[in-house]
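Here the protein sequences come in this chain order: A and B. Just so you know, we're using our numbering here: the first sequence kicks off at 3 and counts up by one. Just so you know, we're using our numbering here: the second sequence kicks off at -12 and counts up by one. Take a look at the structure set out below.
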Amino acid sequence: MTQGIDGPHPDDRMRPAGRRNSQGIRIDPEAEATHQPRRAVLSTLVKHEPGVLSEVSALFSRRQFNIESLTVGATDDPDVARMTIVIEEPEPGIDQAKKQVRKLVPVISVEELEPEAVQRELILVKVDGEKPDDVNAVADMYDGNVVDASPEAITVEVTGSAQKIDAAIEAFDQFTVREVVRTGAAAIDRGAETLKAERRTDTTAASTAETATDD
Amino acid sequence: MSEQAPVSPETETETTDGDEQSTAETLDQRADERAEDRPVTTGAQSVVRALENAGAEMLFGVQGGAIMPVYDALYDSEELTHVTMAHEQGAAHAADAYGIVSGKPGVALATSGPGATNLVTGIADASMDSDPMIALTGQVPTNFVGNDAFQETDTVGVTQPITKHSYFADDSDTVGDDVGEAFALADQGRQGPTLVDLPKDVTKGETDVQPGTPEGPDTFDPPTEADADAVAAAANALAEAERPVILSGGGVIKADASDELRQFATEYEVPVITTMPGIGSFPEDHDLSLEWAGMHGTGYANMAITNTDCMLAIGTRFDDRLTGDVATFAPDAEILHVDIDEAEISKNVEADVPLVGDARHVLRQLDDAMEAAYDAADTSPAQYGEWREQCLTWKDEYPMEYDTPDDEPLKPQYVVERFCELADDDTIVTTGVGQHQMWASQFWEYTEPRTWVSSHGLGTMGYGVPSAIGAKLAAPDQEVVCFDGDGSFLMTVQELSVAVREDLDITYVVLNNEAVGMVRQWQDGFYEGRRMASEYPWIPQFDMLAEAFGARGFRLEDYDDVDEVIEKARNYDGPAVVDAIIDPAENVYPMVPSGGDNGLFALNDDQLEDI
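Structure follows, in structure tokens:
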């Protein structure tokens, strides 16, 4: 015997005209909105305490945000650390990532840096030591420094934007590259603008921290 | 609401804030008194004191090695009552249900290692349903942490993704404030679970620091009022709409906004649909109620939610069991999304107007803005008249019906309906997860908030038995009934021993179809009837099992006995279990297949095959 209720067949029911896309956005038939992924740099101030890094990185993997790099370092406030997170996501994903990170308890603030913000990465490249003069010349081209040299191997340090670092790695490829160590991005807004810890209530850390300024 | 009204919304707000103010003062005062009368001397005493200062009254837990110092401190507490559960999962679910019914964080206590890992299911459940709860777990002494010591688990690491925050207490002087902060955080903004891991040396260690009144973290500042421009935009959208609905989620209950919702919906005559966790946020016997939408929601709710042109969605996260395929979810609707958690805005369904704030406050803000919006649009609620008629037509077209033929076994829907008829109006219903849960939500009429206690987001079989214990202890004067399935019941049946020991007047009704019925239904619908591991060739007799536990057991098989057995079980002073032998062939309808189109819900097996 058939289970269920009697009633109009699905084909005989009132139907709406519209649709949404997979991101739950109503589709405008005139101009269907598709969001292309873009690169965003999130400068995040966090409490300098154990477990923060794993909490933030676990959030990115759990929610499937596409993370390009993540760097952590101290700030001028010993109780506050800065994480610079580079992600590549469509607009709604970037928005979600910011809001989800902001919800974590040890996170003090999340700001997206402007696209023209100063961004720097560092590489240490170890190449074969057979052609020291050639290596030196390439290092000079990228404003790099030789930081260690032996008859077998030379190590060069280069800093710069991601594009410059990519180019430098390619250039060093003509020598036999033994190892490349690359950091993620460190980034800061241009001009006088700063991002500093702003706390809701007075704590020891907050008394030394300054309010974020807008000028 | 007019300005001339004797009690304007502003005055109400002031009164409420005034009450909160004085409550805070009383809490501070009492904390000072405790510190004066009985100063704490150890970390464990600080933990207990922090709970007392937070206003906690009841704990659900299981003893064990690493948590023993805390239990030892509880020995002296006159303010906290501890309920010993049979299993830590039971402790977590009981604390969760206590939190749902009381509105304040429930407290679960467990030892390190297996004690903590056994809590995990319950914590994850609370996280998915935003239930306020705090878990306190023992941990090996700090100098053993990281050594794979006996009963050591990285509890903070394991629970981090399923709590609002997990704390590792590393200092006897601050452990009390850690617990206080975790307790406050569980309740703040969008409610949810928190955890504090308590190493044994920290709880045993000496301290003379007296914990104060709990305060939330300094990095967390939940919003109250929504942005005024957004409120105006939302009011305009409603004023211009022709087919509006209100979608009321669990957040309406969590925010204690049911009165405001009822007032708003009635005033502007907007039909109300709830989500499953939102059941009870709006009275189902109200003219404007379409009950709940989603996978097994009513046909009329799913028709309305699909064809609306403007949805005021409050305190819902647009779970996939509600939306089905988002491509076809309310595709013509402008979405006005009220949520206290800004991360829920446009997470699953894009919000045209985001209203980030507390549901109660935002509903008042909207109420204040409606008059101007109707004036500006030159409209009135009368324009929704045709739409309301349409919704009523759907109620006639898609009634929640079932047959009760004499020659077939008992229908579960009938048992639920009869119980609802016989029970007190404010009865609290708890459930496990599965077909019985759907029947309990479809065929019981819910009229009050905090009377529906269930596991929604996580879908935890076994939630029923312990959640009824937590619910009963949170509301001892209300009738509590737990509808469970035979599969769900067996997963946490050991907690029946707690209900007996605590002498709790709970009626358990096992809708027994000798199968994991929802899985069986899916196998019949989507796996060509290949019933792998869904039917029980043999299961215990639950009435006899109940008697072995010291509860009263009843067996129910015939329509003629339904009322009598229900009354006997209700009237028994203590836990009673009704083993209701139901039609194993009965399926849950209507049904939107997973990821399907809400508007194309199947009413029966034949329609399911067609879609």
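Cβ coordinates follow ideal geometry from the N, Cα and C atoms, glycine included. In this text, all values refer to a predicted model and were calculated from it rather than measured experimentally.
- Straight across, the Cα-Cα distance linking residue 99 of chain A with residue 79 of chain B is about 30 Å.
- Among the residues of chain B, those whose CB is under 7 Å from the CB of residue 109 of chain A are 206, following chain order.
- Assignment of residue 368 of chain B by DSSP, reduced to helix, strand and coil, places it in the helix class.
- Segment contact: the region 414 to 426 of chain B against the region 446 to 454 of chain B, three or more CB-CB distances shorter than 8 Å; contact assigned.
- Counting along the chain, the unbroken alpha helix (DSSP H) around residue 310 of chain B starts and ends at 307 to 310.
- What residue 59 of chain A touches in chain B, judged by beta-carbon distance under 7 Å, is nothing: the nearest beta carbon there is about 11 Å away.
- Closest option to residue 475 of chain B, judged by alpha-carbon separation, among B:534, B:245, B:502 and B:486: B:502.
- Beta-bridge partners of residue 49 of chain A (DSSP): A:82.
- Residue pairing of residue 415 of chain B in beta bridges, as defined by DSSP: B:467.
- The CB of residue 293 of chain B comes closer than 7 Å to the CB of 18 in chain A, given here in chain order.
- Of all residues in the region 83 to 100 of chain A, only 94, 97 and 98 come within less than 8 Å of chain B when Cβ atoms are compared, listed by chain position.
- Put simply, the region 293 to 311 of chain B does not touch the region 562 to 576 of chain B. Fewer than three CB pairs are less than 8 Å apart.
- Contacts with chain A at 7 Å (Cβ-Cβ) include residue 152 of chain B.
- In the three-state scheme derived from DSSP, where H, G and I count as helix and E and B as strand, residue 94 of chain B is classed as strand.
- In the DSSP annotation of this structure, the continuous segment of the beta strand (DSSP E) that includes residue 341 of chain B starts and ends at 340 to 343.
- Separation of residue 357 of chain B and residue 38 of chain A (C-alpha to C-alpha, rounded to the nearest whole angstrom) is 38 Å.
- About 7 Å separates the CB atoms of residue 155 of chain A and residue 129 of chain A; that is less than 8 Å, so the two are in contact.
- Straight through space, the alpha carbons of residue 115 of chain A and residue 33 of chain B are spaced by roughly 43 Å.
- Using a 10 angstroms sphere on the CB of residue 409 of chain B, the tally of other CB atoms stays under 16, which defines it as exposed.
- What residue 593 of chain B touches in chain A, judged by beta-carbon distance under 9 Å, is 4, 6 and 11, going in chain order.
- Sequence-distant partners of residue 545 of chain B (beyond 5 residues in either direction) whose C-beta falls short of 8 Å from its own C-beta, in its chain, are 397.
- Interface flag for residue 110 of chain B against chain A is unset, since no Cβ pair is found closer than 7 Å.
- Within chain A, the residues whose beta carbon sits less than 7 Å from that of residue 334 of chain B are 98, listed in sequence order.
- For residue 522 of chain B, the beta-bridge partners assigned by DSSP are B:502.
- For a cut-off of 8 Å, the C-beta gap from residue 202 of chain B to residue 167 of chain B is around 7 Å, short enough to register as a contact.
- If you keep only unbroken beta strand (DSSP E) runs of at least 3 residues inside the region 14 to 46 of chain B, you get nothing at all.
- Of all alpha-carbon atoms in B:27, B:21, B:417 and B:51, the one lying nearest the alpha-carbon of residue 42 of chain B is that of B:21.
- For residue 574 of chain B, the three-state secondary structure derived from DSSP is coil.
- When DSSP states are grouped into helix, strand and coil, residue 121 of chain A belongs to the strand group.
- If you check the CB distance, residue 95 of chain B and residue 103 of chain B do not come in under 7 Å.
- For residue 154 of chain B, no alpha helix (DSSP H) run applies; the uninterrupted beta strand (DSSP E) run containing it begins and ends at 152 to 155, by DSSP.
- Contacts with chain B at 7 Å (Cβ-Cβ) do not include residue 66 of chain A.
- Under the three-state reduction of DSSP output, residue 286 of chain B falls in the helix class.
- Within the same chain, 80, 84, 417 and 440 come within 6 Å of residue 454 of chain B by CB-CB distance, once the 5 residues on both sides are set aside.
- In the DSSP assignment, residue 301 of chain B falls within the unbroken beta strand (DSSP E) covering 297 to 301.
- When C-beta distances to chain A are compared with 7 Å, the residues of the region 370 to 392 of chain B below that value are 384, 385 and 388, in chain order.
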